[in-house]
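Presented below is the structure to which this report refers.
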Amino acid sequence: MKSNVGGLDRILRIVVGLVLIGLTLTGSVGAWGWLGVVPLATGAIGWCPPYALFGWNTCSTKAKS
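Residue numbers 507 to 571, in this note's numbering, belong to the letters of the sequence shown in order.
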C-alpha cells in the first residue's frame, strides 16, 4: 500500500476527524459525527482508497538522481 496522502492533506484530515469526533462526544452533532473516524484513519495511515481508485496523489515526489 503506497502512501498517496501528502503532509498538509494528512494534517487537515486528522484535524477534521478529531473535530467531528469531539463534536459528537459533546453532543453538538448527532451520530453522523462518528464519520470523523474515516478522515482520521486515512490521515493517520497516509492512504486513501478513493485517491488510489482515481489515481490521485497529494504526496510530494522525490527527484531521482
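Virtual Cβ for every residue (Gly too), placed ideally from N, Cα, C.
**OP:** Take every Cβ of the stretch 529-538, pair it with every Cβ of the stretch 547-556, and state whether three or more of those distances are shorter than 8 Å.
**Re:** Under the three-pair Cβ rule at 8 Å, the stretch 529-538 does not count as touching the stretch 547-556.
Subject >> 6 Å CB neighbourhood of Arg-519 in its chain, flanking five on each side removed >> reply: The beta carbon of Arg-519 lies closer than 6 Å to those of Pro-545, Thr-548 and Gly-549 in the same chain, with the five residues before and after it left out.
**OP:** Count the other C-beta atoms from every protein chain shown that fall within 10 angstroms of the C-beta of Leu-590, then say buried if there are 16 or more, exposed otherwise.
**Re:** Outside the displayed range of the chain (507 to 571) lies residue 590, so it cannot be described from this structure.
Subject >> Separation of Thr-564 from Ala-537, as counted between CA atoms >> reply: So the two alpha carbons sit approximately 30 Å from each other.
Subject >> Start-to-end residues for the alpha helix (DSSP H) that takes in Ala-558 >> reply: Where Ala-558 is concerned, the enclosing alpha helix (DSSP H) stretches over 555-560.
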